[in-house]
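Written out below as structure tokens is the structure these notes cover.
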Amino acid sequence: MVYLVGLGIPEIKAISGQALDALRACKTLFVNDPSVKFFSEVCPDVRPIGDFGMGWDGKKMDAFSKKIFSAARRSGPVGVAVYGHPMVYEPLGHFVLQAC
Numbered sequence: 055m056v057y058l059v060g061l062g063i064p065e066i067k068a069i070s071g072q073a074l075d076a077l078r079a080c081k082t083l084f085v086n087d088p089s090v091k092f093f094s095e096v097c098p099d100v101r102p103i104g105d106f107g108m109g110w111d112g113k114k115m116d117a118f119s120k121k122i123f124s125a126a127r128r129s130g131p132v133g134v135a136v137y138g139h140p141m142v143y144e145p146l147g148h149f150v151l152q153a154c
């Protein structure tokens with residue numbers, strides 16, 4: 055299972071209960087900044103998404119999707135958490151959903 059989680063505004067205390075539940079269900083979590091202590095408190099395995107955005111080509115998106123699916127097969131549910139709405143503000147969200 056893969057969760058696409060929108061964190062809303064970039065202030066963790068504004069996260070919705072539904073998003074928090076999704077993060078807690080994950081065994082691996084990909085985030086923009088894995089050094090934020092909050093993420094390691096809700097998930098045992100926090101990893102960086104990397105520098106993504108409009109500049110990512112298909113190869114880079116495919117490589118990231120493979121990381122997601124590999125982690126999901128190995129350890130269980132995986133989350134991709136981004137600030138804002140994962141389908142509106144982030145091109146990565148569209149690609150991950152399509153790959154799923």
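Under our numbering, the first residue of the sequence shown carries the number 55, and numbering increases by one thereafter. Think of the CB as a built atom: it goes at the ideal place given N, C-alpha and C, for glycine as much as any other residue. These figures come from a predicted structure and were not determined experimentally.
Pro140 is classed as buried because its beta carbon has at least 16 other beta carbons within 10 Å across all chains shown.
Distance between Lys91 and Gly112, taken at the CA atoms: about 31 Å.
According to the DSSP assignment, Val96 belongs to the alpha helix (DSSP H) that extends over Lys91 to Val96. If you look at Pro145, you'll find it isn't in any beta strand (DSSP E); it sits in the alpha helix (DSSP H) that goes Pro145 to Ala153.
Put simply, the backbone Cα of Arg127 is about 31 Å away from that of Ala68.
Annotation: the continuous beta strand (DSSP E) that includes Leu83 extends over Thr82 to Val85. Residue range Val56 to Gly60 is occupied by the beta strand (DSSP E) that includes Gly60. The beta-carbon distance between Ser119 and Ala153, rounded to whole angstroms, is 4 Å. This is short enough to meet the 8 Å contact definition.
Where Gly112 is concerned, the enclosing alpha helix (DSSP H) starts and stops at Gly112 to Ser129.
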